[in-house]
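Asker: Supplied in structure tokens, the structure appears directly below.
Chains as they are written, first to last, in full-length UniProt numbering: chain A, 1 to 324; chain B, 1 to 280; chain C, 1 to 426.
Here's what the structure looks like:
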């Protein structure tokens, strides 16, 4: 959704400029044949991408949409039957694990979005300074991003053990006052543990995006600001932040989508436990639809998920729209 | 900042150090800073054991091949699509853009089962000598690991964004010189857009579910060991008894190539994201 | 994939960009059919010893006749079921494949497998728990069985003044609870017993549901196979759940004990409930190892039975597959598998050929436990869902969730699934 907004704004500005200036273009008849050629070429350029998209992305999504209203099994000797809204009644009415998963997913997103977005900006500001070794720090902060989530999850599962490294480190920092605990085995800390690991893994990516935004701000603006005798905080608040608005929208929406789709970490580290405290929507989709072979029900959960994320994206787009 | 750097580095340092120790040493060192230090009985035995357990070079070759194909074809297909959306007027453009935006929020994990079913029943023209043969089903091939992942809504979006920022009138000027659309695109647009190509290439390698991190998909669609990618190999170490030292060694081995690539291209990468970034 | 074909393909496609291996349809290892090719899959990837034995059998088989040619593809065990289900979804199963015992009914019901055409003369030699059956038909046979037991050390039990149980007189619940208290009394061990709870997947129902059965409960009502009501949430099941949870809440067992009885091997836990596959490593580590029968909670000691077995797919060449099985199930191969992997031989004759499981072998008791205590997981297609649901809710119990609530929820999910599948043919 960010994309739609950004795109429409970008095209509005460039097209507006073109219309206003009315650049010396080709003469009228040539322009018409140019437009016809443009029609054909435009479609031709888009065809490979659109065809693949329809076949491999939209197609399965539509199949999934249809399956949501059936009792289809992953493997079964009996053909699927149309069951109307039964799957949705089960999801909203009876499935306590799913209710918990909905809540967990929102909770995760509500914590991770500001944390990862904010920390990403802080890191970007740090490594945007002209200091020695900034390339080293950029690399270090980005290192987890290029490490596979499968690898990262296995690694952190190890570190979070009761006698694991995290507890040893905390115990040392607190001078032995910290009594170790098994982070992933405790329902009240497991989700927090996954949040920390996820931010650790993903923040480098958003650092780079923020950095990209920062580097599009011309130096002259700050020079002008410095001459007026402003403090660094004022410069950040009134110059940098407004100029980072497009980046902000982009970061907000990409983190939200990623956070709502939380799955791999949960699958490898906790399998939704302990006591359902880390079960998420996508984890339920895979567990019910694939592991327990209830494909129709899994598809119904997918549809619910899609609607939720779509609604969230629309709301975010609405809230971050330009008011001018 | 050094403290922060420590926080980001310590799990990775632990992984590399642990890969040099035997299982008992790893567990014994867990509750002290020895976990980060190459102390005790160190050896490359875990690395040697990895080669006994997993056909590593074969897996690595598969991953490199699939990654190169998905990324290479992806650059061509997605950039052309993004170009058509950004700079050409044609019927259905609005609809296509809407579709692409909608698929941005569709996580791959939720459509994987219908997709398996689809690729299992897709036809393909193979060759027996020189005679074309119609085959049914894509399972257990390289193409099943490549073709479904060429198109990527996010890549198209990034390309479209960048192309919009290029000066207006490039095409019309080229048209006056007699250049067709393809020629204009190839000769004028692509050379002006190197940063966005670099960015999309890197993002594809890092984030696509079919490239370096491919795991769930090849698991479900590829049965032959000869075609498996590196991430599936991780599971080779979780047979009845988990050999943790070997796991650490293997994980180090499959992380290292990415780190090297990143170190080599680091400067270019950050600059390219910066210049291809979210322009308003 | 043969290089020769690749070269031809490359030539045929005129050296186009795609003329890498991408064009070569590699179908040699899949697709069961009557073409003289026998494709085999197993869960042994990453376990070189097991792969070696299977390949040796194939080599002998291919050398012994000209009609069939077998080929083999190993998969990682953790993800094997997902891979097979995906292949079944698209009709791409091989001719023969291994299947974990409890999944045989599900795969047979789904139509993946065909009944085996083996003489009873051959199959009668095998332990009853390695025969995978569904509704009276035989669908799978295993080379080996696995058995869990209580791993303990003589010196530790002696020091804690704990009686060593025997098959004639196993520990009662009271004795077992008392023993657990005693072994940690002096503080030398952090945990009394290691249950390897971090192992997810099949381990939970395999290892823990036999305790439930010894208490008098079960995963499902085995008279009808139509409901888990009463069996999994009745008073016996509740007693099991509360007892099991108590071990963790009282600190006798580690909620998050690593896979493979690592706490026991590290000297952090005094005992372990672990499988035979860890026995040799434990004996290497400790010279006074005991492998004790599980406690009797009222309905006799119980352990899980049924491990990986060979089955023939429904599209396979029946004659070829049967012929391969007849070759593979000789006592020599059974013994060879077990010598290489440390598993328990499925026939008595083979047991005598092995180092550890013969009449005087140091792990002989595991064969006896298997014969006396092994309970099969319920032989119903619903087991796939039962296993997943039980893992989830037994996990809740281990982590301190309300026991009755967890059991009732598990029953509700299992019963709903059985109903939506019209009883799975029962």
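Using N, Cα and C, we set each Cβ at its ideal position, and we do this for glycine too. Since we're looking at a predicted model, the values are computed, not measured.
#1: Report buried or exposed for residue 229 (chain A), applying the criterion of at least 16 other Cβ atoms within 10 angstroms of its Cβ.
#2: Could you tell me the alpha carbon to alpha carbon distance between residue 291 (chain A) and residue 195 (chain C), rounded to whole angstroms?
#3: Would you kindly work out how many angstroms separate the C-alpha atoms of residue 72 (chain B) and residue 201 (chain B), rounded to a whole number?
#4: For residue 256 (chain C), which residues from the same chain have a beta carbon less than 8 angstroms from its beta carbon, with the 5 sequence-adjacent residues on both sides left out?
#5: Would you verify that the beta carbon of residue 43 (chain C) is, or is not, closer than 8 angstroms to some beta carbon of chain A?
#6: Measuring CB to CB, does residue 301 (chain A) end up less than 8 angstroms from residue 98 (chain A)?
#7: Among all the DSSP beta bridges, which residues are the ones paired with residue 376 (chain C)?
#8: Apart from the five residues on each side of it in sequence, which residues of its chain come closer than 7 angstroms, Cβ to Cβ, to residue 46 (chain C)?
#9: Tell me which residue opens and which closes the beta strand (DSSP E) that residue 149 (chain C) is part of.
#10: Beta-carbon separation of residue 165 (chain C) and residue 292 (chain C) under 8 angstroms?
#11: Based on DSSP bridge pairs, tell me the residues matched to residue 274 (chain C).
#12: For residue 382 (chain C), which option in C:369, C:207, C:125 and C:419 has the closest C-alpha, if you only look at C-alpha atoms?
#13: Does the beta carbon of residue 293 (chain A) come closer than 8 angstroms to any beta carbon on chain C?
#14: Where does residue 310 (chain C) sit, in a helix, a strand or coil, going by DSSP?
#15: What first and last residue would you give for the beta strand (DSSP E) that runs through residue 166 (chain C)?
#16: So, does the CB of residue 18 (chain A) fall closer than 8 angstroms to a CB anywhere in chain B?
#17: Grab me the residues of residue 49 (chain C)'s own chain with a C-beta within less than 8 angstroms of its C-beta, minus the 5 sequence neighbours each way, in chain order.
#18: Compile a chain-ordered list of the residues in the region 34-64 of chain B whose CB is closer than 9 angstroms to at least one CB of chain C.
#19: For the beta strand (DSSP E) holding residue 131 (chain B), just list the boundary residues, first then last.
#20: Are three or more beta carbon pairs between the region 180-189 of chain C and the region 295-310 of chain C nearer than 8 angstroms?
#21: So which residues on chain A does residue 83 (chain B) lean against when the C-beta distance must stay under 7 angstroms?
#22: Does any C-beta atom of chain B lie closer than 8 angstroms to the C-beta of residue 284 (chain A)?
#23: According to DSSP, which residues form a beta bridge with residue 133 (chain C)?
#24: By the 7 angstroms beta-carbon criterion, what residues does the region 78-90 of chain C contribute toward chain B?
#25: Pull the bridge partners of residue 308 (chain A) from the DSSP assignment, please.
#26: Assuming residue 90 (chain C) and residue 116 (chain B) form a contact by the criterion Cβ under 8 angstroms, report the distance between their Cβ atoms to the nearest whole angstrom.
#27: Excluding the five sequence neighbours on either side, which residues of its own chain have a C-beta within less than 7 angstroms of the C-beta of residue 196 (chain B), listed in chain order?
#28: With distances taken between CB atoms, is the gap from residue 88 (chain C) to residue 221 (chain B) smaller than 8 angstroms?
#29: Identify the residues that DSSP records as bridge partners of residue 193 (chain C): which are they?
#30: If we call anything under 8 angstroms between Cβ atoms a contact, is residue 276 (chain C) one with residue 366 (chain C)?
#31: At 3 residues or longer, and completely inside the region 130-209 of chain B: list those beta strand (DSSP E) runs for me, N to C.
#32: Specify the secondary structure class of residue 64 (chain C) as computed by DSSP and reduced to three states.
#33: So, are the CB atoms of residue 393 (chain C) and residue 409 (chain C) less than 8 angstroms apart?
#34: Under a three-way DSSP split, which group does residue 119 (chain C) fall into?
#35: Does any CB atom of chain C fall closer than 8 angstroms to the CB of residue 121 (chain B)?
#36: Using the C-alpha atoms, what's the distance from residue 303 (chain C) back to residue 207 (chain C)?
Answerer: By the coordinates alone:
#1: For the purposes of this step, residue 229 (chain A) is taken as the residue at position 229 of the first chain. So residue 229 (chain A) counts as exposed.
#2: For the purposes of this step, residue 291 (chain A) is taken as the residue at position 291 of the first chain. For the purposes of this step, residue 195 (chain C) is taken as the residue at position 195 of the third chain. Computed Cα separation, rounded: 24 angstroms.
#3: Taking the first residue of the second chain as 1, we reach residue 72 (chain B) at position 72. Taking the first residue of the second chain as 1, we reach residue 201 (chain B) at position 201. Residue 72 (chain B) and residue 201 (chain B): Cα-Cα distance of roughly 8 angstroms.
#4: Numbered from 1 along the third chain, position 256 holds the residue referred to as residue 256 (chain C). Within the same chain, residue 256 (chain C) has close Cβ partners 197 and 198.
#5: Indexing the third chain from 1 puts residue 43 (chain C) at position 43. Output row for residue 43 (chain C): interface = no.
#6: In the first chain, counting from the first residue as 1, residue 301 (chain A) sits at position 301. In the first chain, counting from the first residue as 1, residue 98 (chain A) sits at position 98. Taking C-beta atoms as the reference points, residue 301 (chain A) and residue 98 (chain A) count as a pair closer than 8 angstroms.
#7: Residue 376 (chain C) sits at position 376 when you count from the first residue of the third chain. Under DSSP, the beta-bridge partners assigned to residue 376 (chain C) are C:305.
#8: Position 46 of the third chain, counted from the first residue, corresponds to residue 46 (chain C). The residues 76, in chain order, have a CB closer than 7 angstroms to that of residue 46 (chain C) in the same chain once the five nearest residues on each side in sequence are set aside.
#9: Mapped onto the third chain, residue 149 (chain C) falls at position 149. Element bounds for residue 149 (chain C): 148-153.
#10: For the purposes of this step, residue 165 (chain C) is identified with residue 165 of the third chain, where counting begins at 1. For the purposes of this step, residue 292 (chain C) is identified with residue 292 of the third chain, where counting begins at 1. Result yes, Cβ atoms of residue 165 (chain C) and residue 292 (chain C) sit closer than 8 angstroms.
#11: Residue 274 (chain C) sits at position 274 when you count from the first residue of the third chain. For residue 274 (chain C), which the question treats as bridged, DSSP gives the partners C:149.
#12: Locating residue 382 (chain C) in the third chain gives position 382, where the first residue counts as 1. For residue 382 (chain C), the nearest C-alpha among the options comes from C:419.
#13: Here residue 293 (chain A) corresponds to residue number 293 of the first chain, with the count starting at 1. Taking Cβ atoms only, chain C reaches closer than 8 angstroms to residue 293 (chain A), which makes this a yes.
#14: Your numbering for residue 310 (chain C) matches position 310 in the third chain. The answer is strand: DSSP assigns residue 310 (chain C) an E or B state.
#15: Position 166 of the third chain, counting from 1, holds the residue named residue 166 (chain C). Here residue 166 (chain C) belongs to no beta strand (DSSP E), and DSSP marks it neither H nor E.
#16: By one-based count along the first chain, residue 18 (chain A) stands at place 18. Its pLDDT being 36, under 50, residue 18 (chain A) is placed unreliably by the model, and the measurement read from it follows with that caveat. So, interface residue.
#17: The residue given as residue 49 (chain C) occupies position 49 in the third chain. Excluding sequence neighbours, residue 49 (chain C) sits near 340 and 341.
#18: 52, 53, 54 and 62
#19: Within the second chain, the letter at position 131 stands for residue 131 (chain B). Segment 131-136, the beta strand (DSSP E) holding residue 131 (chain B).
#20: no
#21: In the second chain, the residue the question calls residue 83 (chain B) occupies position 83. Ordered by position in chain A, the residues that pass the 7 angstroms Cβ test against residue 83 (chain B) are 45.
#22: As a working note, residue 284 (chain A) is residue 284 in the first chain. So, not an interface residue.
#23: Taking the third chain and counting its residues from 1, one reaches residue 133 (chain C) at position 133. DSSP output for residue 133 (chain C) lists C:138 as bridge partner(s).
#24: Within the region 78-90 of chain C, contact with chain B at the beta-carbon level (separation under 7 angstroms) is assigned to 78, 79, 82, 83, 86, 87, 89 and 90.
#25: For the purposes of this step, residue 308 (chain A) is taken as the residue at position 308 of the first chain. Beta-bridge pairing links residue 308 (chain A) to no other residue.
#26: Start at 1 with the first residue of the third chain, and residue 90 (chain C) comes out as number 90. Start at 1 with the first residue of the second chain, and residue 116 (chain B) comes out as number 116. Between residue 116 (chain B) and residue 90 (chain C) the Cβ distance is about 7 angstroms, and since that is below 8 angstroms, they are a contact.
#27: The residue labelled residue 196 (chain B) in the question sits at position 196 within the second chain. The residues are 158, 159, 162 and 276.
#28: Stepping through the third chain from its first residue, residue 88 (chain C) is reached at position 88. Stepping through the second chain from its first residue, residue 221 (chain B) is reached at position 221. The Cβ atoms of residue 88 (chain C) and residue 221 (chain B) lie no closer than 8 angstroms to each other.
#29: Translated into positions along the third chain, residue 193 (chain C) becomes position 193. According to DSSP, residue 193 (chain C) bridges with C:253 and C:271.
#30: Here residue 276 (chain C) refers to the residue found at position 276 of the third chain. Here residue 366 (chain C) refers to the residue found at position 366 of the third chain. Their beta carbons are under 8 angstroms apart, which means residue 276 (chain C) touches residue 366 (chain C) by this criterion.
#31: 131-136
#32: Start at 1 with the first residue of the third chain, and residue 64 (chain C) comes out as number 64. If DSSP states are grouped into helix, strand and coil, residue 64 (chain C) belongs with the helices.
#33: In the third chain, the residue the question calls residue 393 (chain C) occupies position 393. In the third chain, the residue the question calls residue 409 (chain C) occupies position 409. Their beta carbons are under 8 angstroms apart, which means residue 393 (chain C) touches residue 409 (chain C) by this criterion.
#34: Against the third chain, residue 119 (chain C) aligns to sequence position 119. Taken through DSSP and simplified to helix, strand or coil, residue 119 (chain C) comes out as coil.
#35: By one-based count along the second chain, residue 121 (chain B) stands at place 121. Yes, because at least one Cβ of chain C sits closer than 8 angstroms to the Cβ of residue 121 (chain B).
#36: Within the third chain, residue 207 (chain C) is the residue found at index 207, counting from 1. Within the third chain, residue 303 (chain C) is the residue found at index 303, counting from 1. C-alpha separation (whole angstroms): 7 angstroms.
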